[in-house]
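Protein sequence lines correspond, in order, to chains U and A. If you're matching positions, the first sequence starts at 232 in the working numbering and goes up one per residue. If you're matching positions, the second sequence starts at 232 in the working numbering and goes up one per residue. From the three backbone atoms N, C-alpha and C, an ideal C-beta is built for every residue, glycine too.
Number of protein chains: 2
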Amino acid sequence: MRLRRRAHTVRVPGFRFAGVRCGLKTRGPDVALIASDRPAVAAGVFTTNRVTAAPVQVSRRRIEGGVASAVLVNSGNANACTGAGGRRVVEASTGLAARLLGVPAERVLACSTGRIGMPIPPGVLLAGVEKAAAALSPAGFADAAHAIMTTDAFPKTAVRRLRLGGRPVTVAALGKGAGMIAPDMATLLVFVVTDARIGCGAAARALRAAVDASFNVITVDGDMSTNDTVLLLANGAAGGRAPSGPREYARFARAVADVLQEIARLVVADGEGSSKVVEVTVRGARTDADAARVARAVASSTLCKAAFAGGDPNWGRFTCAAGTAGVPVDADRTTVVIGDVTVARRGRPIAGTLPRARRHMQGRHVRIALDLGLGRGVARMLTSDLTTEYVHFNAAYTT
Amino acid sequence: MRLRRRAHTVRVPGFRFAGVRCGLKTRGPDVALIASDRPAVAAGVFTTNRVTAAPVQVSRRRIEGGVASAVLVNSGNANACTGAGGRRVVEASTGLAARLLGVPAERVLACSTGRIGMPIPPGVLLAGVEKAAAALSPAGFADAAHAIMTTDAFPKTAVRRLRLGGRPVTVAALGKGAGMIAPDMATLLVFVVTDARIGCGAAARALRAAVDASFNVITVDGDMSTNDTVLLLANGAAGGRAPSGPREYARFARAVADVLQEIARLVVADGEGSSKVVEVTVRGARTDADAARVARAVASSTLCKAAFAGGDPNWGRFTCAAGTAGVPVDADRTTVVIGDVTVARRGRPIAGTLPRARRHMQGRHVRIALDLGLGRGVARMLTSDLTTEYVHFNAAYTT
């Protein structure tokens with residue numbers, strides 16, 4: 232749908248950002264650096280793919296301490312399927328960043344996105360690290376958001392401001408990902424930076440819950456990247472006290488969830504390969520877990536996604552996909568609502584409803600709801616449609 | 232790849248066949264009838280989708296007795312998501328076929344393929360049943376194979392002859408399915424008819440094993456139809472004795488597996504939406520079950536299937552997809568072979584191999600092998616590529 236958006240120009244106290252070009256991508260900035268002026272509480276969520284990129288292996292280990300000072304990101308090369316050489320590049324580049332920032336190497340996290348299976352030329356990346364360190368600025372947030380893009384059509388940022396521990400704090404996120412275009416270029420990378428003062432356990436809990444409520448309820452092509460990473464750095468520069476009690480924690484967690492949900496929606500909306508955002512809601516399942524499996528089955532069915540692309544109110548196809556989820560579904564009890572139009576009630580089509588349903592489906596924001604009539608379980612998934620452009624791009628994109 | 236093939240013109244002693252037009256499809260024959268002149272031992276394997284079409288519900292119950300005299304098939308309408316009315320149509324049409332054939336209704340099985348969620352006009356189908364019963368002929372095998380087609384580009388038949396119990400017997404199969412084109416029109420229906428004399432348990436065992444070794448190792452779009460059905464009817468018209476001992480049984484089971492594998496390969500090859508057949512072999516997994524999960528992950532990854540379409544030897548993408556299978560995979564131990572070319576050994580690319588690998592991938596029969604280097608587990612999957620035509624067809628195909 233080729234949204235056009237600008238990155239936010241937010242400043243987050245105690246953080247500096249840079250986005251520069253070193254030449255790993257054909258054009259545009261390809262190295263980002265995020266640095267905190269003091270050790271920040273850090274939490275991370277990583278890909279569940281059993282094959283992980285070298286930076287994921289290194290960052291996952293380093294973040295165990297719960298503290299980080301910087302994040303080094305490159306686009307243009309995923310540093311995945313690159314063996315021990317790939318890990319050496321991560322150690323050399325984060326080591327250089329650490330020396331330039333005057334922090335221990337163990338406190339520099341790394342992320343990469345781009346082609347799989349190609350070694351990174353170390354000299355190119357190291358030159359980029361030097362350039363990025365020199366360019367660090369409190370005003371560099373948007374530059375960093377641009378430098379992490381690969382096939383993204385636009386930078387993805389989100390900002391929330393709230394009061395916490397008696398002080399105004401900022402929660403800002405920058406992310407990239409556009410799975411419908413070229414999934415192996417489309418690693419999901421998201422960085423949440425905040426000057427909030429928050430404990431290490433609370434930060435990890437808030438991030439995990441926010442990822443579950445955002446990126447874990449979107450599906451683009453069902454492929455998990457080797458590089459997917461979501462990081463949270465909270466440096467406490469706002470001062471004040473840590474959140475006291477569950478209500479203050481909930482406000483912080485809500486802000487983190489909000490920025491991640493905004494980025495997630497932008498990821499689904501992005502890409503030449505996607506013409507619409509589709510929200511699949513399942514109600515009336517026996518449990519929430521059942522509902523989630525059914526919603527995922529419908530949202531990721533190639534067949535349903537092709538129907539979304541065609542604007543085809545093919546409710547039988549949706550019910551059929553629901554049946555593949557491996558949990559109880561009874562076609563004779565399933566009610567299907569497209570937009571606000573109930574097209575089939577308890578398995579029986581309602582005459583004359585399809586033209587209105589088709590009009591809704593031809594829009595850019597499509598809502599499909601299935602009520603299984605079996606219980607009270609509810610779940611929701613965001614997905615995109617499967618267009619010929621998706622296939623064209625991924626078939627043409629060669630090694 | 233638009234293969235052109237003719238149906239076999241085989242005769243199977245004791246069986247008569249018909250394929251006629253009643254008007255459920257826009258054009259072409261759309262009702263098939265297969266009738267045995269004596270009660271046949273019958274076995275069936277049905278879809279695992281929790282949403283099943285009316286004929287599946289009826290046939291699954293009727294086949295429990297292990298005996299059938301006829302199979303009534305219509306194309307053009309799946310009779311799925313049609314509620315109690317759909318079941319009444321199955322009962323009326325098989326009831327009429329039973330009266331015309333002089334057998335109990337419980338011995339007539341039913342299958343449907345076509346659009347989901349639309350009631351079958353009962354009068355149209357009943358007229359078709361009368362016409363089909365009148366047209367039954369020992370020479371009608373090819374007519375029946377044509378009448379069950381929907382979006383299939385060609386009829387799919389396979390024949391084996393063997394000696395069993397001292398007599399020559401025929402095992403013939405007719406099937407339809409072309410998942411890459413329009414999966415909800417692309418129910419998999421396969422009927423194996425044989426004049427062999429075989430016990431009910433042995434027939435069921437042979438069919439189950441043959442399905443596991445054929446249709447359960449192909450993946451087209453990952454969607455399971457509400458109507459998928461594979462039936463075996465063995466009428467014993469060859470005479471002689473039932474197979475004595477495991478070697479004779481194995482010969483019979485082998486013939487059944489052979490015809491199903493031939494039909495499965497034709498299903499993968501069929502369709503405007505598919506330009507090639509891809510064989511994914513996984514070796515060196517910890518167990519065969521692990522290997523099967525990895526092979527399925529690679530064969531059904533949207534991303535890999537788009538690479539197949541583009542003829543792109545993107546070995547990192549294949550390793551990455553393997554990582555999503557949820558079983559142990561170590562990129563640093565994984566060897567990838569494309570055709571006969573080892574492009575990466577234990578995670579390291581082999582320089583200069585990609586041009587030859589690309590030439591192989593641009594052919595119509597592509598072989599991808601991954602050796603995980605973790606054990607002795609082996610598995611194989613057949614799949615097709617994901618082309619722009621697939622998406623175009625499924626998006627354009629409207630209710």
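Closer than 7 Å at the beta carbon, the chain U residues around residue i
| i | result |
| --- | --- |
| A:P580 | G348 |
| A:P559 | R281 |
Counted within 10 angstroms of its Cβ, other Cβ atoms place residue i as buried (16 or more) or exposed
| i | result |
| --- | --- |
| U:A315 | exposed |
| U:S475 | exposed |
| A:G245 | buried |
| A:R391 | buried |
| U:P477 | exposed |
| U:T240 | exposed |
| A:S300 | buried |
| U:G432 | exposed |
| U:M411 | Note that U:M411 scores 44 on pLDDT, short of 50, meaning its location in the model is unreliable; the coordinates nonetheless yield the value given after this. So U:M411 counts as buried. |
| A:S368 | exposed |
| A:Y628 | Interpretation of A:Y628 is limited by its pLDDT of 48, a score under 50 that renders its predicted location unreliable; the figure taken from the coordinates is listed afterwards. With 16 or more other Cβ atoms within 10 Å, it is buried. |
| U:H377 | buried |
| U:T257 | exposed |
| A:R292 | exposed |
| U:D571 | exposed |
| U:G181 | This structure does not reach residue 181 of chain U, given that chain U is present from 232 up to 630, and the question cannot be answered. |
| U:P586 | exposed |
| U:P399 | exposed |
| A:G470 | exposed |
| U:D443 | exposed |
| U:P335 | exposed |
CB contact below 8 Å: residue i versus chain B
| i | result |
| --- | --- |
| U:A341 | No chain B appears in the structure shown, which is made up of the protein chains U and A. |
Contact belief for residue i with residue j at Cβ below 8 Å, rounded distance in angstroms
| i | j | result |
| --- | --- | --- |
| A:A273 | A:I294 | 5 Å |
| U:G554 | A:N280 | 4 Å |
| A:D374 | A:G307 | A:D374 to A:G307, Cβ: 16 Å. No contact. |
| A:R439 | A:A473 | In fact, because the Cβ distance is near 18 Å, the residues do not count as touching under 8 Å. |
| A:V424 | A:L613 | Between A:L613 and A:V424 the Cβ distance is about 24 Å, and since that is not below 8 Å, they are no contact. |
| U:V574 | U:V567 | 5 Å |
| U:A323 | U:V298 | Between U:V298 and U:A323 the Cβ distance is about 22 Å, and since that is not below 8 Å, they are no contact. |
| U:V529 | U:A552 | 5 Å |
| A:T382 | A:S505 | Their Cβ separation, rounded to whole angstroms, is 12 Å, which puts A:T382 and A:S505 out of contact at 8 Å. |
| U:D519 | U:G604 | With 8 Å as the limit, U:D519 and U:G604 do not qualify as a contact, their Cβ atoms being about 16 Å apart. |
| U:A516 | U:V525 | 6 Å |
| A:L420 | A:T325 | About 16 Å; that fails the 8 Å criterion. |
| U:R318 | U:Q288 | 6 Å |
Neighbouring residues, chain A, relative to residue i (Cβ below 8 Å)
| i | result |
| --- | --- |
| U:A311 | G547, C551, A562 |
Per-residue contacts from residue i into chain U (C-beta, under 8 Å)
| i | result |
| --- | --- |
| A:N305 | Neighbours of A:N305 on chain U: none; closest Cβ ~17 Å, over 8 Å. |
Span of the beta strand (DSSP E), counted from its first residue to its last, around residue i
| i | result |
| --- | --- |
| A:T344 | 339 to 346 |
| U:F190 | Residue 190 of chain U lies beyond the range of chain U shown here (232 to 630); nothing can be said about it. |
| A:K407 | 398 to 407 |
| U:K256 | Counting along the chain, U:K256 falls outside any beta strand (DSSP E), and DSSP gives it neither H nor E. |
| U:T510 | The question names Thr, yet the displayed sequence has Glu at residue 510 of chain U. First-last of the beta strand (DSSP E) with U:E510: 508 to 516. |
| A:G608 | 608 to 615 |
| U:P350 | Per DSSP, U:P350 belongs to no beta strand (DSSP E) and is neither H nor E. |
| A:V574 | 572 to 576 |
Residue i CB to nearest heavy atom of the ligand ADP below 7 Å
| i | result |
| --- | --- |
| A:R577 | The model depicted lacks the ligand ADP and carries no ligand whatsoever. |
Contacts of residue i in chain A (Cβ-Cβ under 9 Å)
| i | result |
| --- | --- |
| U:P586 | Those within 9 Å of U:P586 in chain A number zero; the least Cβ separation is about 10 Å. |
Host alpha helix (DSSP H) of residue i (start-end)
| i | result |
| --- | --- |
| U:L648 | The displayed coordinates of chain U run from 232 to 630. Any statement about residue 648 of chain U would go beyond what the structure contains. |
| A:T247 | Note that residue 247 of chain A is Arg in the sequence shown, not Thr. A:R247 -> not in any alpha helix (DSSP H); beta strand (DSSP E) instead, spanning 246 to 251. |
| A:D521 | 519 to 531 |
| U:P477 | 476 to 500 |
| A:D443 | 431 to 443 |
| A:A284 | Element bounds for A:A284: n/a, residue is neither H nor E. |
| U:T566 | Note, U:T566: premise wrong, no alpha helix (DSSP H); beta strand (DSSP E) at 566 to 569. |
| A:L585 | 585 to 592 |
| query | Using a beta-carbon distance cut-off of less than 8 Å, what residues from the segment 281 to 292 of chain A approach chain U? | reply | Residues of the segment 281 to 292 of chain A with a Cβ closer than 8 Å to any Cβ of chain U, in chain order: R281, V282, T283.
| task | Quick one: which residues of the segment 310 to 329 of chain U get their C-beta closer than 9 Å to a C-beta of chain A? List them in chain order. | result | So the list reads A311, C312, T313, G314, A315, G316, given in the order they occur along the chain.
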